[in-house]
Amino acid sequence: VVQTPVVERLLPVEPAALTATERVGYLYEPDTLGVLETLLPRFVEMEVYHTLLESIASEQSARMVAMRNATDNANELVGDLTIVMNKLRQESITNELLDLIGGQIALEG
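The working numbering puts the sequence shown at residues 834 to 942.
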């Protein structure tokens, strides 16, 4: 997972690229300036809020990836240590059997 920071310009707001046939003359009440004075602070607030939510989601994603990697590494380590432990246990059993056989041979011989 790759996270790349992006710089986005909030202000000034540029209207979407519309062709001349798509542009429609809207009437705003009370007036265009009044609507912009009301909507612009809300727009900036929502854009900042959206950015914060993306940042939090990104942080949680990074944490999940780190924990998944740690879990995978721990599972691999458990597997490796289990193999080492089984080899040591088998070696101990083999040495015990050799001692018993050696003692039996010494008693018979």
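Where a beta carbon is used, it is the ideal one built from N, C-alpha and C, also for glycine.
For residue i, the three-state DSSP class (helix, strand or coil)
{"i": "Val911", "result": "helix"}
{"i": "Gly942", "result": "coil"}
Cβ-Cβ distance between residue i and residue j below 9 Å
{"i": "Val898", "j": "Leu844", "result": "no"}
{"i": "Tyr859", "j": "Gly867", "result": "no"}
{"i": "Ala841", "j": "Glu892", "result": "Residue identity check: residue 841 is Glu in the sequence provided, not Ala. No, the Cβ-Cβ distance between Glu841 and Glu892 is not below 9 Å."}
{"i": "Leu886", "j": "Val846", "result": "no"}
{"i": "Ala903", "j": "Gln836", "result": "no"}
Checklist line | 3 or more residues per run - each beta strand (DSSP E) lying fully within the segment 862 to 938 | finding: Within the segment 862 to 938, no complete beta strand (DSSP E) run reaches 3 residues.
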